[in-house]
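2 protein chains.
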Amino acid sequence: MTTDTKPKSASLTANGITIAGIAKGAGMIAPNMATMLSCVVTDAVIDAPLLQKALMEATGKSFNRVVIDGDMSTNDSLLLLASGRSGVTINEANYAMFVEMLTAVCENLARKIVRDGEGATRFITIHVTHAANAHDAREIANTIAISPLVKTAFYGGDANWGRIFMAAGRAGVLMDQTKASLWYDDLQLVQNGLPLNYDETRANQLAAQPEVTVTLDLGMGSADAIIWTCDLSHEYVSINGHYRT
Amino acid sequence: MTTDTKPKSASLTANGITIAGIAKGAGMIAPNMATMLSCVVTDAVIDAPLLQKALMEATGKSFNRVVIDGDMSTNDSLLLLASGRSGVTINEANYAMFVEMLTAVCENLARKIVRDGEGATRFITIHVTHAANAHDAREIANTIAISPLVKTAFYGGDANWGRIFMAAGRAGVLMDQTKASLWYDDLQLVQNGLPLNYDETRANQLAAQPEVTVTLDLGMGSADAIIWTCDLSHEYVSINGHYRT
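Quick mapping for you: the protein sequence lines, in order, are chains C and F. Counted the way the working numbering counts, the first sequence spans residues 0 to 244. Counted the way the working numbering counts, the second sequence spans residues 0 to 244.
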């Protein structure tokens with residue numbers, strides 16, 4: 000959707016093989032890839048079912064963590080091609096190594112997509128921990144990521160944690176605010192639903208960084224989810240108020 | 000949430016009684032009232048259960064049609080008080096009249112809340128017709144209303160109907176695009192999923208109006224839903240990037 004996207008590429012060479020990829024982005028990306036076009040290649044020797052399995056694993060920890068504005072598109076594609084030219088065969092013995100390398104390349108590309116999100120000025124990691132189950136963790140992280148009020152607060156460099164709780168609370172899943180605690184990077188702002196006597200200037204500094212991680216510990220179970228997103232800026236409105244397919 | 004809200008009041012006198020109301024707004028309003036504080040009074044003589052029933056009916060066609068940005072709040076309140084001073088008793092015989100008057104007052108207030116939405120420059124009615132059921136109609140109307148891409152297109156005065164279809168398609172309910180048709184006011188742009196040879200200049204003029212109605216006919220059944228919403232402007236980002244509770 001962006002009219003002037005930055006090139007997004009990544010490559011990794013190790014263990015006798017190379018994995019390289021390119022991607023375009025980055026609007027309408029939610030909750031799984033969408034408007035994302037990416038091609039990853041490797042010279043490993045690997046059969047198609049194992050390659051597909053590796054790609055699914057890597058995508059879950061990379062492209063599927065990306066949310067830009069909550070809108071979706073119809074033409075997301077991720078291709079992985081293996082030429083076999085390295086002569087290094089991937090099998091059960093070195094599969095974990097291959098997935099790790101592939102995940103690293105995909106994560107690199109996915110992060111670049113978020114950084115190039117329409118009008119993005121901040122890279123925000125939403126980390127939900129100790130959710131009752133994986134579905135709840137994902138729903139809460141996603142709802143925080145798409146909340147216009149959360150996104151504009153980050154744009155304004157405002158550590159407005161109440162909006163994080165608001166978004167979590169409207170995610171449509173069970174949450175007990177008296178068990179929930181919140182951090183911006185390593186600064187804890189909320190414990191068991193109550194604000195701590197934290198340094199507000201420092202909290203706002205953290206919220207205004209180019210990269211910040213919000214950790215919301217729900218205290219409900221053992222599931223967690225990570226979403227990478229960006230803020231909602233004047234530039235996003237300019238781009239999408241005047242862009243036409 | 001707005002720092003400089005406009006006063007919102009409405010009253011109606013007829014049939015020997017008066018109904019009057021005031022409201023505040025207007026951010027974080029979705030999908031049912033939220034951050035909305037309103038008090039409506041009447042001098043009718045009416046017992047509490049019937050009054051409650053009337054208020055539920057009126058709210059369904061007024062306050063619960065309002066969506067601003069998809070975010071929710073925790074302190075929505077709508078109160079209806081009846082003093083009985085008019086001496087006019089509401090019973091089964093004139094209940095319909097009372098509900099009609101009450102709905103008119105509530106609709107007037109609800110529309111004012113949308114017009115005073117944070118940074119709003121347009122009043123947009125999303126009318127979904129011929130949905131398979133009421134739930135689907137509501138989900139599709141709501142998803143269109145909260146889509147940042149739909150909202151920014153209206154801000155830019157751009158009749159970008161593809162974004163309406165995108166949002167409908169991501170609502171999480173079954174939709175057959177080959178049965179769907181779309182109008183901006185009385186101008187039909189799409190029939191059975193295919194764009195007509197419509198006047199694009201006129202379509203953009205309609206999208207740029209202070210008030211516009213988008214009608215999406217799904218051709219699936221007989222349910223419908225109406226949502227009133229506003230656009231997403233630079234001013235919304237300014238207000239919420241710098242507002243702090």
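Just so you know, even glycine gets a beta-carbon here, dropped at the ideal spot from N, CA and C.
Expected contact under 8 Å - CB spacing of residue i and residue j to nearest Å
i, j, result
"V98 of chain C", "E56 of chain C", "5 Å"
"M35 of chain F", "A22 of chain F", "6 Å"
"D198 of chain C", "A136 of chain C", "The Cβ separation is near 29 Å, so there is no contact."
Alpha-carbon to alpha-carbon, residue j and residue i
i, j, result
"M100 of chain C", "G69 of chain F", "39 Å"
"R114 of chain F", "P6 of chain F", "11 Å"
"I238 of chain C", "R110 of chain C", "21 Å"
"M219 of chain C", "T212 of chain F", "44 Å"
"S61 of chain C", "I112 of chain C", "11 Å"
"L54 of chain C", "N63 of chain C", "11 Å"
"T58 of chain C", "K150 of chain F", "30 Å"
"A119 of chain C", "T200 of chain F", "31 Å"
"R84 of chain C", "N93 of chain C", "17 Å"
"K178 of chain C", "P194 of chain C", "12 Å"
"P147 of chain C", "E91 of chain F", "45 Å"
"I89 of chain C", "L77 of chain C", "21 Å"
"C105 of chain C", "Q208 of chain C", "24 Å"
"N31 of chain C", "N196 of chain C", "Annotation note: pLDDT 49 at N31 of chain C (below 50); position unreliable, coordinate value reported separately. Taking the straight line joining both Cα atoms gives about 38 Å."
"K52 of chain F", "I45 of chain F", "11 Å"
"L231 of chain F", "F153 of chain F", "8 Å"
"S37 of chain C", "S82 of chain C", "17 Å"
"E210 of chain F", "S221 of chain F", "26 Å"
"V65 of chain F", "L11 of chain F", "21 Å"
"H134 of chain F", "Q204 of chain C", "43 Å"
"I75 of chain F", "D75 of chain C", "Looking at the sequence provided, one finds Asp at residue 75 of chain F rather than Ile. Whole-angstrom Cα-Cα distance: 39 Å."
Contact under 8 Å by Cβ, residue i with residue j
i, j, result
"L107 of chain F", "A9 of chain F", "Checking the sequence shown, residue 107 of chain F turns out to be Asn, not Leu. Yes, these two residues count as a Cβ contact at 8 Å."
"Q176 of chain C", "G192 of chain C", "yes"
"G155 of chain F", "G240 of chain C", "yes"
"A158 of chain C", "A206 of chain C", "yes"
"V236 of chain C", "H233 of chain F", "yes"
"L49 of chain F", "L79 of chain F", "no"
"M71 of chain C", "M96 of chain F", "no"
"I67 of chain C", "E117 of chain C", "yes"
"Y183 of chain C", "A167 of chain C", "no"
"I163 of chain C", "L186 of chain C", "no"
Test: residue i CB closer than 8 Å to a CB of chain F
i, result
"P194 of chain C", "no"
"T177 of chain C", "no"
"G171 of chain C", "no"
"S180 of chain C", "no"
"V236 of chain C", "yes"
"N239 of chain C", "yes"
"D135 of chain C", "no"
"H129 of chain C", "no"
"Y154 of chain C", "yes"
"D75 of chain C", "no"
"T212 of chain C", "no"
"D68 of chain C", "yes"
Within-8 Å CB hit, residue i to chain C
i, result
"M165 of chain F", "yes"
"T88 of chain F", "no"
"P147 of chain F", "yes"
"H233 of chain F", "yes"
"T257 of chain F", "With chain F covering 0 to 244 only, the question about residue 257 of chain F has no answer from this structure."
"D115 of chain F", "no"
"M32 of chain F", "Reliability of the predicted coordinates at M32 of chain F is poor, the pLDDT of 48 falling under 50, and no value is obtained from them."
"M55 of chain F", "no"
"G220 of chain F", "no"
"M71 of chain F", "yes"
"T151 of chain F", "yes"
"D184 of chain F", "no"
"D42 of chain F", "no"
Contact test: residue i Cβ vs the ligand SAM heavy atom, cutoff 7 Å
i, result
"V149 of chain F", "Ligands in the displayed structure: none, and consequently the ligand SAM is not present."
Inter-stretch contact at 8 Å, needing at least 3 Cβ pairs: the segment 40 to 56 of chain F / the segment 12 to 25 of chain F: yes
With contact counted as at least three CB pairs below 8 Å, one residue from each stretch, are the segment 227 to 234 of chain F and the segment 123 to 137 of chain F in contact? yes
Does the segment 197 to 216 of chain C come close enough to the segment 128 to 138 of chain C to have 3 or more Cβ pairs within less than 8 Å? yes
Does the segment 139 to 159 of chain C come within contact of the segment 171 to 188 of chain C, defined as at least 3 CB pairs closer than 8 Å? yes
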